[in-house]
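*Asks:* All letters in the sequence shown, in the order written, are residues 4 to 76 by the numbering used here.
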Amino acid sequence: MVPLLLIGALVLGACMVFGYSSFVVGFVLMAAGLLGLLAFMSTRGTVLRPGEREAVIEERHYIGHHDDHHYRP
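1) Check for me: the alpha helix (DSSP H) holding Gly-22 runs from which residue to which?
2) DSSP three-state label for Ile-10, please.
3) Is it a yes or a no for the segment 31-40 touching the segment 9-19, going by three-plus beta-carbon pairs under 8 angstroms?
4) When you compare only the Cα positions, how much space is there between Cys-18 and Val-27?
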């Protein structure tokens, strides 16, 4: 609903600046449609590929006499 209101405000503003004509309305609607199409195409899809939510956790091993890491048995 909000995008429709924004497109309406865009058309109304363009008509107030350039005068009301079918060319102005059509051109503004076409420009808004192209902008919306570009914004839609630049968003990520909802289907996640394998590995997109996984995080790599670094695992460290400390070897030697000065092992200060105490683990609960």
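Beta carbons: idealized from backbone N, C-alpha and C, even for Gly.
*Replies:* According to the data block:
1) To locate residue 22, count along the sequence shown from 1; it is residue 19. Gly-22 -> no alpha helix (DSSP H), and no H or E assigned at all.
2) On the sequence shown, residue 10 is found 7 positions in, with the first residue counted as 1. DSSP places Ile-10 in helix when its eight states are reduced to three.
3) In this structure the segment 31-40 lies against the segment 9-19, because at least three pairs of beta carbons, one per stretch, are closer than 8 angstroms.
4) For this step, residue 18 is matched to residue 15 along the sequence shown. For this step, residue 27 is matched to residue 24 along the sequence shown. Cα to Cα, Cys-18 sits roughly 7 angstroms from Val-27.
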